[in-house]
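Here the structure comes first, spelled out in structure tokens, and everything after it is commentary.
There are 2 protein chains.
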Amino acid sequence: MASTLELLEEHRMFGGWQQRWRHHSAVLNCPMIFSIFLPPPQDDTPPPVVWFLAGLTCTDENFTTKAGAQRVAAQLGLVLIMPDTSPRGDDVANDSAYDLGQGAGFYLNATQQPWAAHYRMFDYLSKELPALVADNFKLSERQSIMGHSMGGHGALLLALRLGGRFSSVSAFAPIVNPTEVPWGQKAFSAYLGEDRAAWREYDSCLLMSEVENRLPILIDQGDNDQFLADQLRPERLEEVAREQGFPLELRIQPGYDHSYFFIASFVEDHLRFHAKHLLV
Amino acid sequence: MASTLELLEEHRMFGGWQQRWRHHSAVLNCPMIFSIFLPPPQDDTPPPVVWFLAGLTCTDENFTTKAGAQRVAAQLGLVLIMPDTSPRGDDVANDSAYDLGQGAGFYLNATQQPWAAHYRMFDYLSKELPALVADNFKLSERQSIMGHSMGGHGALLLALRLGGRFSSVSAFAPIVNPTEVPWGQKAFSAYLGEDRAAWREYDSCLLMSEVENRLPILIDQGDNDQFLADQLRPERLEEVAREQGFPLELRIQPGYDHSYFFIASFVEDHLRFHAKHLLV
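Those protein sequences? They're chains S and U, same order as listed.
Numbered according to this note's numbering, the first sequence spans residues 122 to 401.
Numbered according to this note's numbering, the second sequence spans residues 122 to 401.
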């Protein structure tokens, strides 16, 4: 049965439309919600898409309400798609910690119990949701992707593994080397098991040595981010990018922290970076 | 005892600072929180101030996180101050309805029990909080004020009653004639009693006939706002403004609703309107 979309909310915004949709996900085996911003039509050309993947504890609404991205997307004629960060619901395994279970899907396909029945965010975002939006909205096939923190990890790993899918990738304060930091080690142990060989395909620092498509990458990182030293370490990805010939620009932003106040301050730069690669 | 300020949060944003402060309010007889955005210093001149008063159910955080105003304020060199909408705390009278009690102060001085002990938002915003910020921040005396819904009512009544205090006033979907709409009648009955003579000094449509200072007014109103017909009726203020010679521009925005998506879409226009009158 084809998945059907139920419109939950719709708001006029910057001459376009901010919408919130619910659908049944066969991949995740639960109802899911995503948000989408449709810019004012500029001509008959289907608009390109920028995906935004959110961080730990977030839903489709954080970036939608706090980043101020729609203003720029409306100007540039970009569609924004904001998925949720994990499967949801009373039937979905969970944990009391903020960094495991619902709100903490880590954009991977879990293989371990009790997670494997629902936690398949990699398949959801690489296959099911793109097919669903392509069926229901008139969109260009040109797409870019960005994310924040855990969602920066998600954006980077999807861009690296789905070679050719995305024209560019960017991230705010991303987890780049999850196999070597506490957030990633905890999540990967639970979702993927203790065999670290299974972790490699979800670590951007490791993936970067194994893929062909050298797409452009922009990363912003605040130097007053409480998670910088223990969890993020973007200089590790910068080093691999230099070795492997990826065009990666890492910008250290003085005084900025891990919040959406940081994201809002630089989201225009990210959307203009993507537009430069999408609108060619 | 002078009120002291306790810094709760501070975030770098658009080259300036977004801060959240707590202090004891002698007027409201409870601890209060306000947010402030300090733009990047442009020169040694103290920056002018724009106050934003929020609507029913809101706190200092709604506009702070959702409106995208800091980007424009940083460009224009404007300070933004976002107060809370009512006294707060376990010792403060409350009601289970969203439109009475905490989160619904209506920017007036209550005279009736159980409200009179704490609900004095008019005095708090006309005297105590301005004095507190003047003592603790280096600000220009040039100020403007704006608000949303109940906070649009607050902005208009403060601007009308404090002649000369504000250079300009603007509002998103304001309550302009509270004595004649359900939200206002319910709140004024509770806070001010059944004698409607006491209501007059809190109704912008009535105040406009009684005051001297004809400051410029900008109002945006979405025509898809669910509260437009029953609670808002901005055409009533437009009519009085025309009779009384106030320079009021009312813009009906097609398709827009009552949400912060609407506010975000037009906040730049409002800040540029205020800057035109502040930076002269």
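Idealized CB from N, CA, C, for every residue including glycine.
Just so you know, these numbers come straight off a predicted model, no measurement behind them.
query                                                                                                                          : result
Where Ala237/U sits in the DSSP three-state scheme                                                                             : coil
Neighbour list for Met134/S in chain U, Cβ cutoff strictly below 9 Å                                                           : Tyr377, Ser380, Phe382, Phe383, Ala385 and Ser386
Which of helix, strand or coil DSSP assigns to Ser146/S                                                                        : strand
Candidates Phe382/S, His398/S and Phe394/S: closest to Glu131/U by CA position                                                 : Phe382/S
Residue span of the alpha helix (DSSP H) that contains Trp304/U, given as start and end                                        : Pro303 to Leu313
Chain-ordered residues of the stretch 180–213 of chain U with a beta carbon less than 7 Å from chain S                         : Thr186, Lys187, Gly189 and Arg192
Local conformation of Ala319/S per DSSP, three classes                                                                         : helix
DSSP three-state assignment for Gln342/S, whether helix, strand or coil                                                        : strand
Anticipated Cβ contact below 8 Å, Ala294/U with Ala225/U, distance rounded                                                     : Going by Cβ atoms, the distance from Ala294/U to Ala225/U rounds to 16 Å, so no, they are not a contact pair.
Limits of the alpha helix (DSSP H) - the one that Arg282/U falls within                                                        : Met271 to Arg282
Closer than 7 Å to chain S by CB, Met122/U                                                                                     : Below a pLDDT of 50, predicted positions are generally treated as unreliable, and Met122/U, at 41, falls in that range; no measurement from the model is reported.
Interface flag, Gln139/S vs chain U, CB-CB below 7 Å                                                                           : yes
DSSP three-state assignment for Met153/S, whether helix, strand or coil                                                        : strand
Where His379/U falls: helix, strand or coil (DSSP)                                                                             : coil
Backbone CA spacing between Ser310/S and Glu322/S [nearest angstrom]                                                           : 14 Å
DSSP three-state assignment for Leu358/U, whether helix, strand or coil                                                        : helix
Contact list for Asn74/S against chain U, beta-carbon separation under 8 Å                                                     : This structure gives no information on residue 74/S, because the portion of chain S shown stretches from 122 to 401.
Best match in Val302/U, Ile340/U and Asp256/U for proximity to Ile384/U [C-alpha to C-alpha]                                   : Ile340/U
Exposed unless 16 or more other CB atoms sit within 10 angstroms - verdict on Asp204/U                                         : Sequence inspection shows Pro at residue 204/U; the Asp mentioned does not correspond to that position. Pro204/U is buried by the Cβ-count criterion.
Per DSSP, cross-strand counterpart(s) of Asn230/U                                                                              : Arg241/U
Straight-line gap, Gln140/S to Lys248/S (C-alpha atoms, nearest Å)                                                             : 21 Å
Any 3 or more C-beta pairs closer than 8 Å across the stretch 196–213 of chain U and the stretch 156–172 of chain U            : yes
Under 7 Å between C-beta atoms of Cys151/S and His239/S                                                                        : yes
Supposed close pair Gly272/U, Ala396/U - CB separation, criterion 8 Å                                                          : The pair is not a contact, with the Cβ atoms about 20 Å apart (cut-off 8 Å).
Where Val401/U falls, given that 16 or more other Cβ within 10 Å makes a residue buried                                        : exposed
Closest by C-alpha distance to Ala195/U, when choosing among Pro355/U, Ser289/U, Val361/U and Arg133/U                         : Arg133/U
Where Gln365/S sits in the DSSP three-state scheme                                                                             : helix
Beta-bridge partners of Val254/U, as assigned by DSSP                                                                          : According to DSSP, which records beta bridges pairwise, Val254/U is partnered with nothing at all.
Chain-order list of residues whose beta-carbon lies under 7 Å from that of Leu177/U (same chain, five-residue window excluded) : Tyr219, Asp220, Gly224, Ala225, Ser270 and Met271
Among Tyr377/S, Gln365/S and Leu279/S, nearest to Gln347/S - alpha-carbon criterion                                            : Tyr377/S
Alpha-carbon spacing of Ile431/S relative to Phe394/S, whole angstroms                                                         : No answer is possible for residue 431/S: it lies beyond the span of chain S, which begins at 122 and ends at 401.
Beta-bridge partners of Gln347/S, as assigned by DSSP                                                                          : DSSP output for Gln347/S lists no bridge partner at all.
Leu159/S vs Gly189/S beta-carbon contact at 7 Å                                                                                : no
Start and end residues, beta strand (DSSP E) containing Arg133/U                                                               : Glu127 to Met134
DSSP-derived helix/strand/coil call for Leu260/S                                                                               : coil
Distance CB(His144/S)-CB(Leu126/S) smaller than 7 Å                                                                            : yes
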